[in-house]
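One structure is given below, encoded as structure tokens.
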Amino acid sequence: MEVTKKFQKLSMAALIVSLLPLATLVLVFLKITLPDSVRAVWAICNIVFALAGLLLSVICVKSEESRSMANILSTLVSVALMLLMLGVAALALALNFLQ
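Heads up, the sequence shown is in the numbering used here, so the first residue is 691 and it goes up one at a time.
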């Protein structure tokens, strides 16, 4: 019983941490521009949150008894964010070599 409660708390933490990088969209929708230094820190935090969410959600999904819809959702969100970040990095590298 204690183990499932621990995994429930961990799965909710994984879901919250994996959704934190999407807070960037709030600034985009409100058309708020940030200084360059704040944007750099925000980008690093987004990468850390995406990696932490992926790690926490994989830990929760690994065990069959703790697998739930929140765990699967946080895993999917984290994987999508990581693929998006890798795609942006690959595009930046490709554009850098083409110029």
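Backbone N, C-alpha and C fix where the C-beta goes; we use that ideal spot for every residue, glycine too.
- Residue environment: L720 is assigned as exposed (fewer than 16 neighbouring CB atoms within 10 Å of its CB, all protein chains considered).
- Cα atoms of A730 and N761: separation of roughly 29 Å, rounded to the nearest angstrom.
- If only complete runs of 4 or more residues are kept, the segment 743-788 shows the alpha helix (DSSP H) at 759-788, in order along the chain.
- For S768, the closest of K699, K695, A703 and Q698 by C-alpha to C-alpha distance is A703.
- DSSP places T723 outside both helix and strand once states are collapsed to three, so it counts as coil.
- Counting of Cβ neighbours within 10 angstroms places P711 among the buried residues, the total reaching 16 or more.
- Your pair A740 and S701 does not check out as a contact, with CB atoms roughly 17 Å apart and the cut at 8 Å.
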